[in-house]
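Let me begin by presenting the structure, written as C-alpha cells, before commenting on it.
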Amino acid sequence: MKPEYRPHRPTGPALGRPEDKLRPVPIADMDPGLRRDGANGKGPVTSDRLAQRRASLSQSDGETGWRPSCPPSRRAAIAAGVGLLAAPRLALADEEDAKRERPQTGDVLVKIGAVDTAPLKAADLPLGGPQVLAWPMDPASKTVRDGSRLNKVLLLRLDPAGFDTATKARAADGVVAYSAICPHTGCEVALWLAATQRLECPCHFSQYDPKIGAAVVGGPTPRPLPALPLKTADGRLVVAKPFTGRPGFQQT
Ligand code: FES
66 MKPEYRPHRP TGPALGRPED KLRPVPIADM DPGLRRDGAN GKGPVTSDRL
116 AQRRASLSQS DGETGWRPSC PPSRRAAIAA GVGLLAAPRL ALADEEDAKR
166 ERPQTGDVLV KIGAVDTAPL KAADLPLGGP QVLAWPMDPA SKTVRDGSRL
216 NKVLLLRLDP AGFDTATKAR AADGVVAYSA ICPHTGCEVA LWLAATQRLE
266 CPCHFSQYDP KIGAAVVGGP TPRPLPALPL KTADGRLVVA KPFTGRPGFQ
316 QT
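Numbering (this note's numbering), first residue to last: 66 to 317.
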C-alpha cells in the first residue's frame, strides 16, 4: 500500500503573515544578547548609565580611560620589590664605572701591589728613580680606579732643576706623573735608564724623557706619554688635572 503523503505543517503561530512580522515581542521574551533596553549592558546611553561610566573612569587613567588591572597598593608593592632587586645591581654598576673612570682632579695615588691603600707622598718615592706604578683613588669613597689598565700611572721623583717649564708646572715636590701605557702598541713603560734618566718601553725600546714632558727621544713610538698634573695636599700627592692626552695606543 502506498504511504499517504502529508506535507509538513509547522506547529505554533503561523509565520509569514504581515501581522506576525509587525507584532512586538515582549522584552522579557527576548534573547538577552539582542535586548537594547540596557539590561545587557549595551543599551542606549541614559543619564544613569553615563553616571555609572563616569564613576568607573574616576578610578582610571584620566588621559586614556585605562583602568589598572590591579589595585594601586599592589602596584606600589611590585614597584618597590623591583626597586629593591635592582638597587644592588645599580650600585655595583656605579662602582664599576667609578673604577674605570680616568684619574679625576682630587684623586690621591696608591702604590700598585701595596698591601694597604695609603695615599703616596713624595717622600715615599726614591729620589732619582726608578718609577713607581700607582692607581688613582677617590679619597672620599676609597674607590681605587683599577678597572682599566689605562689608569696606570708612573711616578718619578727627580731633581726639578732639569725640568722644562711645562713639566715644572705639573710637578709636585719634584714628582712627575705620566701614563704608564706606551702609545706605540700598549706595553707598560717599565724600564728606567738611570744613566740617561730616561724611561724605556721593553717591547720595542721607545724612550721618553720625563724631564721634558716625556718627549719621545728614541724608538718607534708616535707620541709622548700623556702627563698627569700633580699637586700636594696634606703632604699627599693629589691629581691636579686630568691626563694631558688620551692614554694608550690607537689602532690604525
Ligand atoms: S709598545 Fe712600547 S715601544 Fe712598542
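Each residue gets a CB set at the ideal place from its N, CA and C atoms; glycine is no exception.
In this text the structure is predicted, and so the values were computed from the model without any measurement.
Of the listed residues the options, nearest to residue i (C-alpha basis)
i: S244; options: W200, L185 and A144; result: W200
i: L185; options: Q316, L295, K306 and F308; result: L295
i: L293; options: H269, A142 and A237; result: A237
i: K207; options: G193, G194, T182 and K217; result: T182
i: C252; options: D211, A188 and H269; result: H269
i: M202; options: A145, D224, A234 and I177; result: I177
i: P289; options: G300, Q272 and Q196; result: Q272
i: A187; options: E161, A259, D224 and T170; result: D224
i: P287; options: A298, T297 and Q316; result: Q316
i: K306; options: A234, A141 and G227; result: A234
i: G393; options: I143, L264, T297 and A144; result: The structure shown does not extend to residue 393, since the chain spans only 66 to 317, so no value can be given for it.
i: P204; options: A142, T232 and T170; result: T170
i: G227; options: A145, D274 and T250; result: D274
Beta-carbon proximity of residue i to residue j, cut-off 7 Å
i: L215; j: G310; result: no
i: L190; j: R167; result: no
i: A242; j: V281; result: no
i: L256; j: V240; result: no
i: L320; j: L302; result: Coverage of the chain is limited to positions 66 through 317, which leaves residue 320 absent and any answer about it impossible.
Other residues of its chain near residue i: CB distance less than 7 Å, five sequence neighbours each side excluded
i: S213; result: R165
i: T232; result: V241, K276, I277 and G278
Neighbour flag for residue i against chain D, beta carbons, 7 Å
i: C266; result: Absent here is chain D; the protein component of the structure consists of one chain.
Close beta carbons around residue i, own chain, < 6 Å, minus the five adjacent residues each side
i: K107; result: Here the model assigns K107 a pLDDT of 48, short of 50, so the residue's position is not dependable and the matter cannot be decided.
i: K86; result: Only weak support is given to the placement of K86: the predicted model assigns it a pLDDT of 48, under 50, and the value that follows is read from those uncertain coordinates. No residues qualify anywhere along the chain.
i: C266; result: C247, C252 and V254
i: A163; result: T208
Buried/exposed call for residue i, threshold 16 Cβ in 10 Å
i: D172; result: buried
i: R210; result: buried
i: L192; result: exposed
i: P285; result: exposed
i: L150; result: exposed
i: T261; result: exposed
i: V197; result: buried
i: R159; result: First, the amino acid is wrong: residue 159 is Asp here, not Arg. With fewer than 16 other Cβ atoms within 10 Å, it is exposed.
i: V180; result: exposed
Residues of its chain near residue i, where Cβ-Cβ distance is below 8 Å and the 5 sequence neighbours each way are ignored
i: D229; result: K276, I277 and G278
i: F308; result: R167, P168, S244, P291, A292 and L293
i: G194; result: L221, R222, L223, W257, A259 and Q262
i: E161; result: G212
i: H38; result: Examination of residue 38 is not possible in this model, given that the chain is present from 66 through 317 alone.
Quick check on the DSSP output: what are the complete alpha helix (DSSP H) runs of length 4 or more inside the stretch 138 to 212, in order along the chain?
Segments of the alpha helix (DSSP H) lying fully in the stretch 138 to 212: there are none.
What runs of the beta strand (DSSP E), each 3 residues or longer, lie entirely inside the stretch 237 to 267?
Listed in chain order, they are 240 to 244, 256 to 258 and 263 to 265.
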